[in-house]
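Protein sequences, first through last, are from chains A and B. Take the first sequence: its letters are residues -3 to 111, numbered as in this note's numbering. Take the second sequence: its letters are residues 360 to 472, numbered as in this note's numbering. Reading through the structure tokens given below for one structure.
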Amino acid sequence: DVKVTQSSRYLVKRTGEKVFLECVQDMDHENMFWYRQDPGLGLRLIYFSYDVKMKEKGDIPEGYSVSREKKERFSLILESASTNQTSMYLCASSKGGGSAPAGQHFGDGTRLSIL
Amino acid sequence: AQSVTQPDIHITVSEGASLELRCNYSYGATPYLFWYVQSPGQGLQLLLKYFSGDTLVQGIKGFEAEFKRSQSSFNLRKPSVHWSDAAEYFCAVAPGGYNKLIFGAGTRLAVHP
């Protein structure tokens, strides 16, 4: 079965810390995504990557960066965590190319609390 | 700009009753449309998708959705709801390129026994 694995289900960090969220997929997908999910706002795209070492800003990239050194791994970095970054973070992947977009496969999410 | 609206934040139905969750989109061309479900504490699971062709699409778990271009809608339906269907449902549109998705705010479904 296809799998997107996020390294932590729950994470508590302090304001100002540098935080790393890790995501690994085993489907050899070209595209990977990071979203944050907040009540009443749905999912908002932070960053995505369509190839190794390639990245594109999503709708809310401020305060975040990403790294994709290997095809299967996509990391989200909070450079200096702030309380307004307390949220659920979801990683997803999808196959690239083709004439129509494939559905995205999601991990179970990381609930991050910044104190 | 592309957007997705799910007018109902919460819906409660009785087990065995029929269900319809509404989704309206704003997009100039023919969109690619998706419905996802999120059970508590889980990630999102793809229920079904529409790209072209037959406007009534079948998905997993007994769900179906109908694309209506004239109404810019893609409503999700199920004829008989089960208690295990209680979850949050998200409609999404893919404007194109790299499989980016734009999500609606979600509809939380509660099922009464």
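Backbone N, C-alpha and C fix where the C-beta goes; we use that ideal spot for every residue, glycine too. On a predicted model such as this, the values are computed, not experimentally measured, just so you know.
_Exposure label - residue 360 of chain B; buried when at least 16 CB within 10 Å_ = On the second sequence, residue 360 of chain B is found 1 positions in, with the first residue counted as 1. Exposed, since its Cβ has fewer than 16 Cβ neighbours within 10 Å.
*Which ranges would you report for the beta strand (DSSP E) in the segment 49 to 85 of chain A if only whole runs of at least 3 residues count?*
Secondary structure within the segment 49 to 85 of chain A: the beta strand (DSSP E) runs of 3 or more consecutive residues, fully enclosed, are 50 to 53, 60 to 66 and 69 to 74 (chain order).
*Any residues in the segment 30 to 43 of chain A with a beta carbon nearer than 9 angstroms to a beta carbon of chain C? Which ones, in chain order?*
As a matter of chain content, chain C is missing from the structure shown, whose protein chains are A and B.
_Give me, in chain order, the residues of the same chain whose beta-carbon lies closer than 8 angstroms to that of residue 34 of chain A; leave out the 5 immediate sequence neighbours on both sides._
To locate residue 34 of chain A, count along the first sequence from 1; it is residue 38. Hits under 8 angstroms: 40, 83 and 84.
*Would you mind telling me which residues of chain B sit closer than 7 angstroms to residue 125 of chain A, beta carbon to beta carbon, in chain order?*
Residue 125 of chain A lies beyond the range of chain A shown here (-3 to 111); nothing can be said about it.
*asked:* Does chain B have any CB closer than 9 angstroms to the CB of residue 86 of chain A?
replied: By 1-based counting over the first sequence, the position of residue 86 of chain A is 90. At least one chain B Cβ lies under 9 angstroms of residue 86 of chain A.
*Using a C-beta to C-beta distance shorter than 7 angstroms, which residues of chain B count as neighbours of residue 105 of chain A?*
Here residue 105 of chain A refers to the residue found at position 109 of the first sequence. Within chain B, the residues near residue 105 of chain A are 402.
*Go through its chain and collect everything with a Cβ distance to residue 379 of chain B's Cβ below 6 angstroms, but skip five positions before and after it.*
The count along the second sequence starts at 1 and reaches residue 379 of chain B at position 20. Counting only Cβ-Cβ distances below 6 angstroms, and skipping sequence neighbours, we find 434 and 436.
_9 angstroms Cβ cutoff, residue 0 of chain A in contact with chain B_ = Locating residue 0 of chain A in the first sequence gives position 4, counting from the first residue. Among the CB atoms of chain B, one or more fall inside 9 angstroms of the CB of residue 0 of chain A.
*Alpha-carbon spacing of residue 6 of chain A relative to residue 402 of chain B, whole angstroms*: For this step, residue 6 of chain A is matched to residue 10 along the first sequence. For this step, residue 402 of chain B is matched to residue 43 along the second sequence. Their Cα atoms are separated by approximately 14 angstroms.
*Kindly indicate which three-state DSSP category residue 420 of chain B falls into: helix, strand or coil?*
The residue given as residue 420 of chain B occupies position 61 in the second sequence. In the structure shown, residue 420 of chain B falls within a helical segment according to DSSP collapsed to helix, strand and coil.
*Whose Cβ in chain A lies nearer than 8 angstroms to the Cβ of residue 408 of chain B?*
The residue labelled residue 408 of chain B in the question sits at position 49 within the second sequence. The answer, in chain order, is 99.
*Span of the beta strand (DSSP E) around residue 32 of chain A*: In the first sequence, residue 32 of chain A corresponds to position 36, counting from 1. Its beta strand (DSSP E) spans residues 27 to 34.
*What three-state label does DSSP hand residue 21 of chain A in the structure shown?*
Along the first sequence, read from residue 1 onward, the residue named residue 21 of chain A stands at position 25. Three-state DSSP puts residue 21 of chain A in a strand.
*asked:* Count Cβ pairs between the segment 445 to 454 of chain B and the segment 384 to 391 of chain B that sit closer than 8 angstroms; are there 3 or more?
replied: Flag = yes, the segment 445 to 454 of chain B and the segment 384 to 391 of chain B touch.
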